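Heads up: the protein sequence lines correspond to chains A, B, C and D, in order. Here my numbering is used: position 53 in the first sequence is 53, and no number is missing along the way. In short: position in the second sequence from 1, add 284, done, that's my numbering. In short: position in the third sequence from 1, add 568, done, that's my numbering. In short: position in the fourth sequence from 1, add 852, done, that's my numbering. Glycine included, every Cβ here is placed at the ideal spot set by N, Cα and C. None of these values were measured; they are calculated from a predicted model. A quick write-up on the structure given underneath.
Number of protein chains: 4
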Amino acid sequence: MERRFRLVLACPDRVGIVSMVSNFISSHGGSIADANQHSDSTTGWFFMRVEIVADSLPFSLEQLKSAFTPIASSFEMTWQINDSAEPKRVILMASREAHCLADLLYRYHAGELDCEIPCVISNHDDLRSMVEWHDIPYHHVPVNKADKQPHFDEVSRLIREYQADTVVLARYMQILPEDICQQYARQIINIHHSFLPSFAGARPYHQAHERGVKLIGATCHYVTQDLDAGPIIDQDVTRISHRDQPEEMVRLGKDVEKTVLSRGLRWHLEDRILVHDNKTVVFN
Amino acid sequence: MERRFRLVLACPDRVGIVSMVSNFISSHGGSIADANQHSDSTTGWFFMRVEIVADSLPFSLEQLKSAFTPIASSFEMTWQINDSAEPKRVILMASREAHCLADLLYRYHAGELDCEIPCVISNHDDLRSMVEWHDIPYHHVPVNKADKQPHFDEVSRLIREYQADTVVLARYMQILPEDICQQYARQIINIHHSFLPSFAGARPYHQAHERGVKLIGATCHYVTQDLDAGPIIDQDVTRISHRDQPEEMVRLGKDVEKTVLSRGLRWHLEDRILVHDNKTVVFN
Amino acid sequence: MERRFRLVLACPDRVGIVSMVSNFISSHGGSIADANQHSDSTTGWFFMRVEIVADSLPFSLEQLKSAFTPIASSFEMTWQINDSAEPKRVILMASREAHCLADLLYRYHAGELDCEIPCVISNHDDLRSMVEWHDIPYHHVPVNKADKQPHFDEVSRLIREYQADTVVLARYMQILPEDICQQYARQIINIHHSFLPSFAGARPYHQAHERGVKLIGATCHYVTQDLDAGPIIDQDVTRISHRDQPEEMVRLGKDVEKTVLSRGLRWHLEDRILVHDNKTVVFN
Amino acid sequence: MERRFRLVLACPDRVGIVSMVSNFISSHGGSIADANQHSDSTTGWFFMRVEIVADSLPFSLEQLKSAFTPIASSFEMTWQINDSAEPKRVILMASREAHCLADLLYRYHAGELDCEIPCVISNHDDLRSMVEWHDIPYHHVPVNKADKQPHFDEVSRLIREYQADTVVLARYMQILPEDICQQYARQIINIHHSFLPSFAGARPYHQAHERGVKLIGATCHYVTQDLDAGPIIDQDVTRISHRDQPEEMVRLGKDVEKTVLSRGLRWHLEDRILVHDNKTVVFN
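Now the structure itself:
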């Protein structure tokens, strides 16, 4: 895969943004490999993502950022530029359920996810062997129900130590404390096993069975302090019938969870997701 | 289409129900054209639907009911037998939105819905011409916001007068009073323009836009006194993106509403839906 | 809906196209409402669609075209600019099957399709009443199996007379002659009732039943001289089972046909479809 | 999971089959846990599947078969009875592609597939470590392109030695010889990476890209001597766009292949699939 710089920006909409950005790129000989934009008529906000062939520019990543800063300032942009040669560092967190973790590890192993996975953290030791088969360090950090703080302190320490920039809650069944949610805003991805906002909280498949719905779903979202209420990245559903008891719904739902989580993570890794007002713009 | 008797029953599960029912049919020379059954392990309840070729039995509908009564009693069945030669009488109720009504009228006209539509009732006069083109009487029954009772009285009168056994709320935007809901339990079908239980109540597409979901849906359900909380018959969804403002969601959602409502009504007309504990068993 | 100019172009890919186009627009004060681009790495071809707020430019449509011509020439573009204030003129052609025609007429009536429908042409008289209820002229042009040329001559004459720029074959069961296909290349849209390239030609649902497939589909494509082999605009499928005989497949398939045809036509009307090498780029 | 006897039968349709079968079961005190039937009006054939709670009958599997034989004979049934306590023995065959194999092994490990997997056979050694991590023997049986017979002889020997009753071609890229296909008719399951009958044979994703289709699919089928033409068990599709080059289609298609193959195998393991006239009846 050819090396790319990925410019992602959001700013109040006005005339000339695309022109200014594309001019900047072409005036330095830059070749645009992909570009997306969106003007939100409700909020009056403008969103853009541009992939530039890195070798077509006479810049290092830092030089490119410096050169672009004046434009960004003049349009009051929230922005970042990432280098595809520096893949994100993603810590996976799990509990006892294997399906999402196994799926992400398989995709990582097969080269479908462009990232580094420096370690896996779990509050149980059940999945150690599977993780270690992939040559990934496994940290068993138990949770003491009476006092969960030591667990979260150790999780924080590991995130820092491994210099992770992304955390994936692959059916990690604990609620992260406020300070971690805030410190890593838009960097923590969760999979919830329902079609949110229906059936937030515990045991969503049992809630769904109770209500008698005809489709069950899963939702991938960024974690915020409000439980299961962060910006939604992706969702999907699958059909069930009156024959499906909660156990069967759990089995069918697992496939949806895996699909939605891996898709959402992939978009995150490729800098395709922008967040504004607790909603996402996904350039996929 | 060959004439059929449709036997539909529910009872506490125990050994020998299928045998007793199929024996009863075959001992009279009856030919089973289709049969479905379901044992619900959670509730311990048994559900069955059998289509019998009418001409293979030496019975009229009434004689068949009499002959089956002892079996039904011995198993404490809730049951009914319907005759495909006596299609249901369905009153459609609408307001100003044409899409669901137009779709149902088209399908009726094309022979896709096996029923009689004796009339359409609306609290507005907008859709009269479309309905009358199909040679169906159109009753404009205005709603006085200060006192809605006269409207509902007239609706009740029309249902009785036309001897309707089914009422379809095809985007009829009023909330039916308790007494009508009770009197016609499991006979009134509504389409709600969200994937329930998410976004019950008013303006569900705007609620969905506000929350930033990635799929929108529609739900077809039997009407009960609890708003948008009756037994769910069918649901479906369609994908949206950040580009879709509420107006676009309305347009995309209409197609889902039409699909789900017409499918649910079709199952109802064919006696494929059983209700137990606010949930449906759908033998489709 | 705010008036828009829609610029659509294709050319060999090279550095600076986006910049040149967006510069051109912004240098005249033009406001870009939407933009999409695609670089095809297989063919080395570049595709772009830009919607410009018409009132933000100091140009009439003709002036805009003149001003853009030098840029188009220098990049060897195939291009066009359309004005949303001049909706396309679409002739619908049908035979006896009502479902696609009824669906398009409903959507037209409801304002979902931004076009003019100057007339409907059919080789049968069956659908006249439905069309005329919509206040659209209906031309019954019979086909003589022994010599179809007079039919096609009259069809050609009507297309010219009504100054149509788009023709939709809404289950028109005749094969158009080569000269019409060539003259109206990329202007004639057909719906084929299978998931092409499977089951091209006659009676696709019966072919599908014969083969025992588990999904049936529909394909919307531009008509070329090669039967059912033109550039595919959109496709969709629906699930069937062993219970579905061909008649049932026909019924279920109709809903897919309607969905796919109306979606494809909508994209065509909004100038979202570019054709290259018998394949489409769809900016939706 | 409660132990079950699964009776599966097919015979010419006539009055009294259901009654005779259910009588037989209830007269011995048997409790029916699930039952499905289908009368095919095209072929005049009748299909049935009954799950009986094993402990409710006073029979061993062999005794049950003996007792049922007279009924089967009188109706000219093709039939079998399987015991859920004796799961099928499934050999997985692969080549170099890991995705389907990894998915089946994961599901097996997680208890989603009720079978024994006595070994994996591959013509390459690449996937050994993954298989052996699951404690399953791995047989690398190379293919000599000049003479493939020794390979197939060894495959046959292994199937016999391991007493397998089912073989799954999980992206095994060789064409099995006629004699193996015949000997194990309806016991060999293949996954083909296209929506058959489109794109049979080699490199289906490249064929699909060439044709410009908008959905790609996968097909799970029983293997017959005719390449990619056996009875279809299940199919599914996923949406692609003009942006997707063949490599991207391969990646997206893998998820569909995994879903369809695991679903089809699951149905096979639960005796839910009947084959008649190169088509399947799937009681799911």
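| Check | Outcome |
| --- | --- |
| Contact check, D:A924 vs D:L861, beta carbons under 8 Å | yes |
| Close Cβ partners of B:H322 (< 6 Å) along its chain, the five nearest in sequence each way excluded | F331, V565 |
| Chain C residues whose Cβ lies nearer than 8 Å to that of A:A33 | S607 |
| Whole-angstrom distance between B:H552 and B:V452, CA atom to CA atom | 11 Å |
| C:K713 (DSSP reduced to helix, strand or coil) | coil |
| Where C:V618 falls: helix, strand or coil (DSSP) | strand |
| D:E1099 burial status per 10 Å Cβ neighbour count (16 or more: buried) | exposed |
| Same chain, Cβ closer than 6 Å to D:R1115, five either side skipped, listed in chain order | D1086 |
| Continuous alpha helix (DSSP H) stretch holding B:A356: start and end | 345-358 |
| C-beta contact flag for C:V828 and C:I757 at 8 Å | no |
| Proximal residues of chain A, C-beta to C-beta of C:S624 below 9 Å | V15 |
| Reduced DSSP secondary structure (H/G/I, E/B, other) of B:L341 | coil |
| Closer than 8 Å to chain A by CB, C:S652 | no |
| D:R858 (DSSP reduced to helix, strand or coil) | strand |
| 8 Å CB neighbourhood of A:L227 in its chain, flanking five on each side removed | I175, A200, G201 |
| Expected contact under 8 Å - CB spacing of A:V213 and B:I516 to nearest Å | 6 Å |
| Where the alpha helix (DSSP H) containing C:K822 begins and where it ends | 814-837 |
| Cβ-based neighbour list, A:A33, same chain, cut-off 7 Å, excluding 5 preceding and 5 following | R4, E51, I52, V53 |
| Reduced DSSP category for C:Q605 - H, G, I as helix; E, B as strand; rest coil | strand |
| Inter-residue spacing [alpha-carbon to alpha-carbon] between D:M982 and A:A67 | 48 Å |
| Identity of the residue in D:H976, D:V1108, D:D1031, D:H1073 nearest D:D1130 by Cα | The amino acid at residue 1130 of chain D is misidentified as Asp; the sequence shows Asn. Cα-wise, what sits closest to D:N1130 is D:H1073. |
| DSSP state of D:P939 mapped onto helix, strand, coil | coil |
| Neighbour list for D:I904 in chain B, Cβ cutoff strictly below 8 Å | The premise fails here: D:I904 is roughly 11 Å from chain B at the closest Cβ pair, so nothing lies under 8 Å. |
| Three CB pairs or more closer than 8 Å across the region 358-372 of chain B and the region 380-396 of chain B | no |
| Of the residues C:H774, C:P655, C:L783, C:Q793, the one placed nearest C:Q751, counting alpha carbons only | C:Q793 |
| DSSP-derived helix/strand/coil call for D:R1091 | strand |
| Rounded distance between the beta-carbons of A:R266 and A:F283, thought under 8 Å | With a Cβ gap of about 13 Å, A:F283 and A:R266 do not count as contacting. |
| Cut-off 7 Å between Cβ atoms - residues of its own chain near A:H193, not counting five sequence neighbours on either side | P204, Y205, A218, G253, E257 |
| Pick from D:Q1059, D:L859, D:C863, D:M853 that is closest to D:H1128, judged by C-alpha positions | D:C863 |
| C-alpha gap between C:A753 and B:A492, whole angstroms | 41 Å |
| Assigned secondary structure, A:I273 (DSSP; H/G/I helix, E/B strand, else coil) | strand |
| Within chain A, partners of C:V586 - CB distance below 7 Å | S22, I32, A35 |
| Any C-beta of chain A under 8 Å from that of D:A1070 | no |
| Reference D:L944, options D:Y960, D:G881, D:N996, closest by Cα | D:Y960 |
| Nearest candidate by alpha-carbon position, reference A:I240, set A:I216, A:G230, A:R251, A:A229 | A:I216 |
| Where the region 466-490 of chain B meets chain A: residues whose CB sits under 9 Å from a CB there | F479, L480, P481, S482, F483 |
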